Amino acid sequence: MMHLLGFRFAPRIRDLGETKLYVPQSVQDYPTLRPMIGGTLNIKHVSAHWDEILRLATSIKQGTVTASLMLRKLGSYPRQNGLAVALRELGRIERTLFILDWLQSVELRRRVHAGLNKGEARNALARAVFFNRLGEIRDRSFEQQRYRASGLNLVTAGIVLWNTVYLERATQGLTDAGKPVNTDLYQYLSPLGWEHVNLTGDY
92 MMHLLGFRFA PRIRDLGETK LYVPQSVQDY PTLRPMIGGT LNIKHVSAHW
142 DEILRLATSI KQGTVTASLM LRKLGSYPRQ NGLAVALREL GRIERTLFIL
192 DWLQSVELRR RVHAGLNKGE ARNALARAVF FNRLGEIRDR SFEQQRYRAS
242 GLNLVTAGIV LWNTVYLERA TQGLTDAGKP VNTDLYQYLS PLGWEHVNLT
292 GDY
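The letter at position 95 of the sequence shown is residue 186 when you use the working numbering, and the numbering goes up by one with no holes.
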């Protein structure tokens, strides 16, 4: 349902050999892909519940209901609940299309890896900043947990901003000194480093 919410399903696939595709017709129609096919899609079931799926997606986009709440509700329904089964089939369609794109596109694989590496680098920075209490939020109340998480996000964002400003100043300084920087290299720069930041202060 991610495409209905304006997102693209783009995870990094680790165990591609164990990932299964789902096809709209008989498995016999796809002899080359047969080892990867896990079953046949129930397109009619998706069509039958399409209006419900659209209502659900609209409610989530408008904030009327949260995605986490709907997942809990759908998980509590009987296994053969119509909407839950239709969403499962829709998810199989999205995943199959993505895997086929993944197999064919080197650029997609490179882009997904780059995006996930950025996320991992940001998480590593947050862990480095939140060194107290072994990096664990131990506050009991949700409000205190939120304050601590917000503080962590603020400090992390401050480091990213500082790095961004001074990376720009460094490249501009090189240019002003008659040593222009190849702009193609900018994509390899990241403001997520912290080795030059004294996170613990001086005692």
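We put the beta carbon where it would ideally sit given N, CA and C, even for glycine. Note that this is a predicted model, so its numbers are computed, not measured.
- For Y113, the enclosing beta strand (DSSP E) covers residues L112 to V114.
- Burial check for T247: the Cβ neighbour count within 10 Å reaches 16 or more, so the residue is buried.
- Note on geometry: alpha-carbon atoms of T274 and L112 lie some 40 Å from one another.
- When DSSP states are grouped into helix, strand and coil, G292 belongs to the coil group.
- In this structure, I134 keeps its C-beta atom at 8 Å or more from the C-beta atom of L96.
- In the DSSP assignment, G154 forms no beta bridge with any residue.
- The stretch 115 to 153 is shown to contain whole beta strand (DSSP E) runs of 3 or more residues at 128 to 131, in chain order.
- In this model, R231 and G166 are separated by some 27 Å (Cα to Cα).
- Secondary structure at W193: helix, using DSSP grouped into helix, strand and coil.
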